[in-house]
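Each remark here refers to the structure printed beneath this line.
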Amino acid sequence: MLLHSSNTAALIEEGTALADMIRGWISPDSILLSVNLLIENWQWLGLLILLTVAMILERIISVVLRKLAKDISERNGLRQDATYLKKFVRPFGILVTWWSFLAFYPVLDIDNETFSSILDVGGGLVIAFAGILAAWRFVDVLCDFLRARAALSENKFDDMLVPLLRRTLKIFVVLIAVAYFSSRVTEDFYKVIAGLSIGSAVLLFAFKDSLENVFGTFTVLMDQPFQLGDWITVGSVDGTVEKVGFRSTRVRTFYNSVITVPNREFISATVDNLGARRYRRIKATLGLTYDTPPEKVEAFCEGVRELIRGHPYTRKDYYHVYFNGFGASSLDILLYCFVQVPDWSVELREKHRLYADILRLAEQLGVQFAFPTTSVHVVKPEDLEHPNRPDSTRAGTELGKQLGHAITQQTLAPFAGELPGPVVFGQPRDPKIAPGGGTGDGDGDG
Numbered sequence: 001m002l003l004h005s006s007n008t009a010a011l012i013e014e015g016t017a018l019a020d021m022i023r024g025w026i027s028p029d030s031i032l033l034s035v036n037l038l039i040e041n042w043q044w045l046g047l048l049i050l051l052t053v054a055m056i057l058e059r060i061i062s063v064v065l066r067k068l069a070k071d072i073s074e075r076n077g078l079r080q081d082a083t084y085l086k087k088f089v090r091p092f093g094i095l096v097t098w099w100s101f102l103a104f105y106p107v108l109d110i111d112n113e114t115f116s117s118i119l120d121v122g123g124g125l126v127i128a129f130a131g132i133l134a135a136w137r138f139v140d141v142l143c144d145f146l147r148a149r150a151a152l153s154e155n156k157f158d159d160m161l162v163p164l165l166r167r168t169l170k171i172f173v174v175l176i177a178v179a180y181f182s183s184r185v186t187e188d189f190y191k192v193i194a195g196l197s198i199g200s201a202v203l204l205f206a207f208k209d210s211l212e213n214v215f216g217t218f219t220v221l222m223d224q225p226f227q228l229g230d231w232i233t234v235g236s237v238d239g240t241v242e243k244v245g246f247r248s249t250r251v252r253t254f255y256n257s258v259i260t261v262p263n264r265e266f267i268s269a270t271v272d273n274l275g276a277r278r279y280r281r282i283k284a285t286l287g288l289t290y291d292t293p294p295e296k297v298e299a300f301c302e303g304v305r306e307l308i309r310g311h312p313y314t315r316k317d318y319y320h321v322y323f324n325g326f327g328a329s330s331l332d333i334l335l336y337c338f339v340q341v342p343d344w345s346v347e348l349r350e351k352h353r354l355y356a357d358i359l360r361l362a363e364q365l366g367v368q369f370a371f372p373t374t375s376v377h378v379v380k381p382e383d384l385e386h387p388n389r390p391d392s393t394r395a396g397t398e399l400g401k402q403l404g405h406a407i408t409q410q411t412l413a414p415f416a417g418e419l420p421g422p423v424v425f426g427q428p429r430d431p432k433i434a435p436g437g438g439t440g441d442g443d444g445d446g
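Just so we're aligned: 375 in our numbering is position 375 of the sequence shown, and the numbers increase by one with no gaps anywhere.
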């Protein structure tokens with residue numbers, strides 16, 4: 001008998017003694033000692049009682065498990081799906097019922113080998129299937145618990161690891177089930193394991209690409225080049241990581257399609273993780289009209305710097321706002337700063353807010369943004385004459401030299417002949433620059 005090997009000799013001896021005691025209590029003429037369907041009637045009654053007790057035990061265990069799971073969830077503040085636990089309790093209850101039944105029915109001293117074999121084989125199959133199904137669904141219960149725990153943490157690596165753990169454990173459940181049923185067919189369990197090992201080697205060779213994908217999965221888990229929700233670029237694929245599986249990773253593009261990337265690509269490919277940026281750059285050229293006075297250019301640049309210093313998401317220790325060039329139709333102001341935001345949506349919102357404030361600043365200062373224009377001048381011949389025109393090239397050179405020297409003396413006078421210091425971020429102005437004496441250098445920003 002298949003399952004009797006797991007019962008102890010002491011239990012069988014006690015069962016025989018108990019059966020003899022029960023037979024002694026029953027009248028020899030009683031119908032309970034009659035044989036029906038291979039065993040005595042009192043043994044049928046005993047089997048019914050054992051089955052009833054086992055079912056009651058199963059109900060008690062089910063209630064305890066539900067209560068325990070609820071207490072754990074409430075104590076840890078977790079939001080779990082009760083469906084997984086309900087699906088697990090049913091096969092687990094069947095497992096407990098039949099295991100208890102088959103473990104204790106030998107006390108009834110059923111000596112009919114045919115009937116015992118039917119119970120052993122049938123009960124063994126029920127226990128095997130119920131155990132495999134219970135293990136399969138327990139993986140769902142466990143991983144749902146881990147998923148709920150991971151949802152409470154800010155680390156996205158847990159969110160990526162739980163689905164992979166679920167698949168790994170279920171694969172182990174399947175392998176154990178195959179090994180178990182194979183061992184029931186042959187008595188040599190080690191031959192089964194050896195056969196599975198050889199078969200696995202053949203399969204691994206045949207599915208080399210799949211094996212590379214598995215190694216790619218371990219690469220993603222160990223190196224963590226990205227996490228769920230990160231914006232990545234791998235080759236020609238550009239999008240947000242949505243799911244990491246054993247074979248592939250799903251990336252949702254910005255036109256809402258899903259691209260499946262084999263995990264082996266991550267072993268050798270370059271992964272540009274834009275989601276891992278600490279700061280996101282804002283770079284723009286603000287073109288002011290050519291009729292903007294230098295003082296207003298200075299005021300506009302300083303106003304934009306103050307906007308950067310005042311916005312909550314902007315980086316305060318590194319930014320640049322400078323008059324940076326003479327464009328074809330504008331005075332070009334360089335805007336170069338960074339924002340520290342969690343995702344692209346917040347980045348767009350904060351960029352919008354900064355640009356809108358720059359428009360308000362320009363409106364209040366009375367400066368205008370330039371756009372490509374073509375000016376047509378109608379002039380008279382006398383308008384082409386330049387007043388105060390130098391008499392010679394040498395005279396023109398001397399005039400330019402004198403004017404340039406006067407301007408630099410005026411703008412650099414606050415430094416008293418010293419070299420202007422480095423840019424200091426976070427200060428509205430260089431303290432050496434007097435109000436109204438714009439220099440364009442040393443303003444605490446850059």
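Just so you know, even glycine gets a beta-carbon here, dropped at the ideal spot from N, CA and C.
For K351, the uninterrupted alpha helix (DSSP H) run begins and ends at 344 to 365, by DSSP.
Distance from the CA of R277 to the CA of F88, rounded to the nearest whole angstrom, comes to 43 Å.
Rounded to whole angstroms, the Cβ separation of A362 and F300 is 7 Å, and the two are in contact under 8 Å. Taking C-beta atoms as the reference points, P225 and V258 fail to come closer than 8 Å. Take C143, set aside five residues on each side of it, and the residues of its chain with a beta-carbon closer than 8 Å to its own are V162, P163, L165, R166, L169, in chain order. The region 346 to 354 and the region 288 to 303 do not touch, with fewer than 3 CB-CB distances between them shorter than 8 Å. Assignment of beta-bridge partners to N273 by DSSP yields I232.
By the 16-neighbour rule on beta-carbons within 10 angstroms, D223 is exposed. In the DSSP secondary-structure assignment, S329 is not bridged to any residue. In the three-state reduction of the DSSP assignment, S248 falls in the strand class, which pools E and B. Annotation for L412: no alpha helix (DSSP H) segment contains it, and DSSP assigns it neither H nor E. Pairing V339 with Y318 gives a Cβ-Cβ distance that is not under 8 Å. A straight line joining the alpha-carbon of L288 with that of I333 spans about 8 Å. DSSP, read as helix, strand or coil, puts P262 in strand.
Its Cα nearest to that of H320, the residue L335 stands out among F92, L335, L51. Secondary structure note for K283: its beta strand (DSSP E) is the uninterrupted segment 280 to 288. By the Cβ-count criterion, Y84 is buried, with 16 or more other Cβ atoms from all chains shown falling within 10 Å of its own Cβ. Between the region 284 to 298 and the region 259 to 269 there are fewer than three inter-stretch CB-CB distances shorter than 8 Å, so the stretches are not counted as touching. When the Cα atoms are used, V121 and V64 turn out to be separated by approximately 30 Å. The three-state secondary structure of D391, taken from DSSP, is coil. A residue is called buried when at least 16 other Cβ atoms come within 10 angstroms of its Cβ; L286 meets this threshold and is buried. Taking 8 Å as the cut-off, the Cβ atoms of L57 and V96 count as close. With a cutoff of 8 Å on beta-carbon distance, V241 and D230 are scored as near each other. V178 and R280 have their C-alpha atoms roughly 52 Å apart. In the DSSP assignment, L307 falls within the alpha helix (DSSP H) that extends over 294 to 310.
Under the three-state reduction of DSSP, D238 is assigned to strand. Partner residues in the beta bridge of C337, as assigned by DSSP, are I282.
Excluding its 5 nearest sequence neighbours in each direction, L399 has C-beta neighbours in its own chain below 8 Å: P390, listed in chain order.
Going by beta carbons, I232 and V251 fall inside the 8 Å limit. As DSSP reads the structure, F323 sits in a beta bridge with I333.
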